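So the structure is just underneath, and the comments pick up after that.
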């Protein structure tokens, strides 16, 4: 029989600053959640603790597409192709990155979680996302230099639907990463976002929570995510931040967000199911959502564990929900914060200015590797790969174009222009250090015909 909780149940825990997560579209956040999430972001850079925004951005930049070790067996974070399954960690790495940031903000307030920005439907430069009460203040205070809408495109709902129709995980991941569902928000937002230092901007976490939600939905349909590697950069059991060594994470262990205690709510409903409270990450697991929370279908709170389900409106305990004898479980209605209407600024902390230190990579836009575009008038073949002294590029017809070569740090190191030719040879490459490079072919209109990673032996 369905149980509906509309009353407040009190249960106190000493020194509890722990939580788990119901993530939602930021448009479903209460004003309290918005204020507290922004507070937490500012607190993470207030100088009282190591700066997680800086550390995650620097790490992301250092290992974005080139691991700086000149070791082809290492896994960089981006642009690993479907035929490189041993290197693929894009989705899993960013899922764990979102979790690391979310844990940090929950250390400050256990009720808040990351939220997503649905870029397929929310595409206005005057969207509430950019209000000063949400993400707008960071632009000036952290000198992000956004250029909203300056580039694009953002994805369409059909782009997302088409991803869900794909059945092969590696093809799905590749298409998601390189096309507008992932790429769009980076180039559309501007500033730090289209660079390897994109995690400097808090909207990065709203965007990649959306990317993670898309993967979550795909996995619910196909249950087919898999990785060949068993560890990831940063999350390999050797990296330390803030005096703590981060744990070893096998990407195959987090293909289901439930393994992290993370659920997604949307359209006024957050279903909690197929989950056993373990307090693995938190001494009390709190699931907070403004609208209806339904817990059932093997949502279990075992003996000796602690869990709180809290809604502003309604909690439903459905068949399959179990709170064992000896567990500490409470279902509660948040009557304290549910009356914060409009754009209340109650509890807002000072929005201090703290520009980031200069890093040359902030001026280095990402070279988005793509396969030949479907509408490209030119068919291109580049070889050999790996190369030693030269690269040959064959076109299917005579073309005016330029060829650019970028090094491991994304810096342009070679550029040559060719007129009315179908055969391009880039010579005298023997002086380059061994490692990865990106070769880009641009036509006379400035359109990218090819961007491909190559290896120098």
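Residue numbers (the numbering used here): 378 to 834. Where is the CB? At the ideal position from N, CA and C, for every residue including glycine. Only a predicted model underlies this, so the values are computations on that prediction, with no experimental measurement involved.
Cβ-based burial, residue i [other Cβ within 10 Å; buried from 16]
i	result
residue 402	buried
residue 680	exposed
residue 667	buried
residue 817	buried
residue 763	exposed
residue 774	exposed
residue 751	Residue placement at residue 751 is poorly supported in this model, since its pLDDT is 36, which falls under 50; the coordinates still yield a value, given next. Per the 10 Å Cβ criterion, exposed.
residue 815	buried
residue 807	exposed
residue 713	exposed
residue 746	The predicted model places residue 746 with a pLDDT of 48, which falls under 50 and marks its position as unreliable; any figure quoted below should be read in that light. Answer is buried; the Cβ neighbour count reaches 16.
residue 512	buried
residue 600	exposed
C-alpha gap between residue i and residue j, whole angstroms
i	j	result
residue 568	residue 830	25 angstroms
residue 662	residue 409	20 angstroms
residue 465	residue 618	24 angstroms
residue 826	residue 799	13 angstroms
residue 641	residue 795	51 angstroms
residue 393	residue 486	Legend: pLDDT at residue 393 = 34, less than 50; position of this residue unreliable, value from coordinates given subsequently. Looking at the two C-alpha atoms, the distance is approximately 10 angstroms.
residue 500	residue 531	7 angstroms
residue 696	residue 653	15 angstroms
residue 628	residue 603	8 angstroms
residue 518	residue 819	37 angstroms
residue 684	residue 605	34 angstroms
residue 646	residue 398	14 angstroms
residue 625	residue 615	8 angstroms
residue 528	residue 731	26 angstroms
residue 702	residue 659	20 angstroms
residue 405	residue 783	42 angstroms
residue 824	residue 621	46 angstroms
residue 692	residue 411	21 angstroms
residue 586	residue 417	17 angstroms
residue 738	residue 639	33 angstroms
residue 535	residue 425	45 angstroms
residue 855	residue 613	The structure shown does not extend to residue 855, since the chain is modelled only from 378 through 834, so no value can be given for it.
residue 439	residue 709	44 angstroms
residue 727	residue 584	25 angstroms
Beta-carbon proximity list for residue i, same chain, < 7 angstroms, skipping 5 on both sides
i	result
residue 643	401 and 402
residue 809	833
residue 537	497, 558 and 591
residue 552	540 and 543
Cut-off 6 angstroms between Cβ atoms - residues of its own chain near residue i, not counting five sequence neighbours on either side
i	result
residue 698	672, 673 and 676
residue 722	No answer about residue 722 holds up, because its pLDDT of 48 lies below 50 and its placement is not dependable.
residue 821	777
residue 576	433, 434 and 437
residue 516	523
residue 468	550 and 592
residue 733	577
residue 711	687 and 689
residue 472	589 and 631
residue 917	Nothing about residue 917 can be read from this structure; the chain reaches only from 378 to 834.
residue 790	782 and 784
residue 793	780
residue 706	678, 684 and 700
Run of the alpha helix (DSSP H) containing residue i, from where it starts to where it stops
i	result
residue 516	514 to 518
residue 551	546 to 555
residue 627	Unbroken run through residue 627: none, as it is neither H nor E.
residue 733	Per DSSP, residue 733 belongs to no alpha helix (DSSP H) and is neither H nor E.
residue 601	Taken as a continuous stretch (DSSP letters only), residue 601 belongs to no alpha helix (DSSP H), as it is neither H nor E.
residue 438	429 to 439
Cβ neighbours of residue i in the same chain (closer than 8 angstroms, five flanking residues each side left out)
i	result
residue 525	502, 507, 565, 566 and 567
residue 651	635, 674, 675 and 676
residue 477	429, 433 and 623
residue 607	627, 628 and 629
residue 462	547, 604 and 605
Any non-hydrogen atom of the ligand PLP within 8 angstroms of residue i CB
i	result
residue 815	Within the structure as shown, the ligand PLP is missing, as the structure has no ligands at all.
Range of the contiguous beta strand (DSSP E) that encloses residue i
i	result
residue 743	From DSSP, residue 743 is part of no beta strand (DSSP E); its letter is neither H nor E.
residue 489	First-last for residue 489: undefined, no H or E at that position.
- [ ] Kindly confirm or deny that the stretch 412 to 431 and the stretch 556 to 568 touch, where touching means at least three C-beta pairs closer than 8 angstroms.
- [x] no
Open item on the list: Does the contact criterion of 3 or more C-beta pairs under 8 angstroms hold for the stretch 494 to 501 versus the stretch 629 to 636?
Closed with: no
Open item on the list: For the pair the stretch 798 to 805 and the stretch 766 to 779, tell me if three or more CB-CB distances fall below 8 angstroms.
Closed with: yes
Open item on the list: Any contact between the stretch 540 to 556 and the stretch 588 to 602? By contact I mean 3 or more CB pairs, one from each, below 8 angstroms.
Closed with: yes
Open item on the list: Quick check: the stretch 499 to 515 against the stretch 580 to 593, are at least 3 beta-carbon pairs closer than 8 angstroms?
Closed with: yes
TODO: Could you say if the stretch 416 to 424 and the stretch 479 to 486 meet the contact criterion of at least three C-beta pairs nearer than 8 angstroms?
DONE: yes
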